[in-house]
Amino acid sequence: MPLHLDTRLAHCGRPALNAESGPVNTPVVRTSTVRFQSIAAMQAQVGKRASGQPVSTYGRHGMDTQRALEQALCELEGGTRAWLTPSGLAAISLSLLALTAPGDHVLVTDSVYQPVRKLDAGHLARMGVQVGYFDPSTQPIEDCLQPHTRVVYVETPGSLLFEMIDLVPIVAICNARGISVVADNTWASGYWFNPLALGADISLMAGTKYIGGHSDLMQGVIVTQDAAHAAQLTKTYDALGLAVSPDEAYLALRGLRTLAVRMQQHQHNALAVAQWLAAHPKVERVYCPALATDPGNALWRRDFRGANGLLSVQFRDCSEARLFAIADALVLFDIGASWGGYESLVLPATCEKLSAHRSWHGAAGVLRLHVGLENCADLIADLEQAIAGVLGP
Ligand SMILES: *Cc1c(COP(=O)(O)O)cnc(C)c1O
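Residues in the sequence shown are numbered from 216 upward in steps of one, following the numbering used here.
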């Protein structure tokens, strides 16, 4: 019987024992120069890297610590090759730069993580790469593809409102036309969902979020099973001079060891908070695909094994100023960007940001909550006092 993912996450990417003993964890191996026994050995290693194998001929390529993490991430995502980048955004940029050339078109779902648009407007446009956005729930992909579309970039669930996107028809059309499908899998962080298993060519994630899990690390991850995509990614990775320190790789690997228990607890706490909010008289709507009332729930149940700690909440008759006041009144939810750490966070998303989502029709905006690992009764009590304080009993 194949081992369960939780078991594999406890055992993957660990050092082999020497003749008699060894440490539990792969050590932090720091180096700039890689030394070789002989010129022949150096040439052999250079040849292997040129042929696409994950070997190191220089410190920038990383050593044992990065290799161990890459191996563990392949285990997590069902891939054969992984790349580590200095941030999640760098993983997005690397994949789009690796797969496009002047004259190409990239089609992106409209609910993606906002900074994708900075790369689009600031750099891809300058390189002669066109980017278009669409809402797959109302615009059939066939109508949005162009003859020169090279990449379809998807994030499911979406950022801020967690719109579920059906990857199956997207992959079917793109595979038939030789278009690469890139999926941002940060929401599930490989634990609840694997885009590669549904036929995506590349899965990428912000390791900054649940993989690190402790809000003390920036990292991006790209995983693929496909040799042609692997060759393109390595070429661009090397050309950009990207590198990740062994200390960061060590922290990410350490985070992976507890990913399973943290994800289960985030799911438990977030569901309790989501259900409490959904029943609150001052709440207009809770955005969370794990709720049975969410329009994405059926698709989420079909493709995902569980949920994370994220949800957004929209209040009845609530101005932007009151939305901000509720965020200010919360005590246990810190105000801050990002998510995936052990702690609870709140961030207002106003109409200015949400207008990029074609599915958004609200007035003031939403509060995005990241439900952390605190006791959820305390978190609910905190929400209760903040909502009552601003919107009344
Ligand atoms: C945070 C995030 C990123 C970017 O990760 P950083 O490490 O912060 O650069 C990318 N995609 C999604 C969906 C994210 O939430």
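Yeah, the Cβ is synthetic: ideal placement off N, Cα and C, and Gly gets one too.
Any non-hydrogen atom of ligand 1 closer than 7 Å to residue i Cβ
| i | result |
| --- | --- |
| S404 | no |
| Y328 | yes |
| G435 | yes |
| I380 | no |
| E292 | no |
| T423 | yes |
| I417 | no |
| T609 | No statement about residue 609 is possible, as the shown extent of the chain runs from 216 to 608 and does not include it. |
| L304 | yes |
| E285 | no |
| S553 | yes |
| E370 | yes |
| S236 | no |
| I426 | no |
| S430 | no |
| S308 | no |
| S374 | yes |
When the options are compared against residue i, the one with the closest alpha-carbon
| i | options | result |
| --- | --- | --- |
| A414 | I394, A421 and E235 | Note that residue 414 corresponds to Gly in the displayed sequence, not to Ala. Of the candidates I394, A421 and E235, the one whose C-alpha sits nearest the C-alpha of G414 is I394. |
| P317 | S553, A231, R365 and I388 | R365 |
| T315 | M257, Q447, F539 and G405 | Q447 |
| L624 | D518, R531, F539 and F548 | Given a span of 216 to 608 for the chain in the structure shown, any question on residue 624 remains unanswerable. |
| R537 | T295, V605, G294 and T246 | V605 |
| L411 | P362, Y465 and E290 | E290 |
| W491 | V586, I550 and D399 | V586 |
| V239 | V261, Y502 and T280 | T280 |
| A387 | L375, K568 and I356 | I356 |
| S326 | W402, Q252 and P242 | W402 |
| G347 | G556, G337 and Q361 | Q361 |
| V396 | S418, S553 and A493 | S418 |
| V323 | K333, L584 and D350 | D350 |
| L562 | G422, A464, P608 and L375 | L375 |
| T272 | T222, A540, A255 and Y502 | A255 |
| R520 | P269, F408, V501 and V438 | F408 |
| T206 | Y328, R275, T241 and A265 | Within the shown structure, residues of the chain are numbered from 216 to 608, placing residue 206 beyond reach of any answer. |
For residue i: DSSP bridge partner residues
| i | result |
| --- | --- |
| Q345 | H320 |
| H585 | L525 and L560 |
| L299 | V436 |
| E370 | D399 |
| F530 | V498 |
| I550 | V561 |
| T364 | H320 |
| G580 | T565 |
Interface flag, residue i vs chain B, CB-CB below 8 Å
| i | result |
| --- | --- |
| L466 | The structure shown has no chain B; it contains just one protein chain. |
Near ligand 3: residue i beta-carbon under 7 Å from a heavy atom
| i | result |
| --- | --- |
| A231 | This structure does not include ligand 3; its bound ligands are ligand 1. |
**Request:** Pick out the complete alpha helix (DSSP H) segments inside the segment 416-503, 4 residues or longer, and give them in chain order.
**Result:** For the segment 416-503, the continuous alpha helix (DSSP H) assignments of 4+ residues that do not extend past its boundaries occur at 442-455, 461-471 and 474-493, in sequence order.
**Message:** What ranges does the alpha helix (DSSP H) occupy inside the segment 241-295, keeping only unbroken runs of at least 4 residues that lie completely in it?
**Reply:** Qualifying alpha helix (DSSP H) stretches, in chain order: 254-265 and 279-292.
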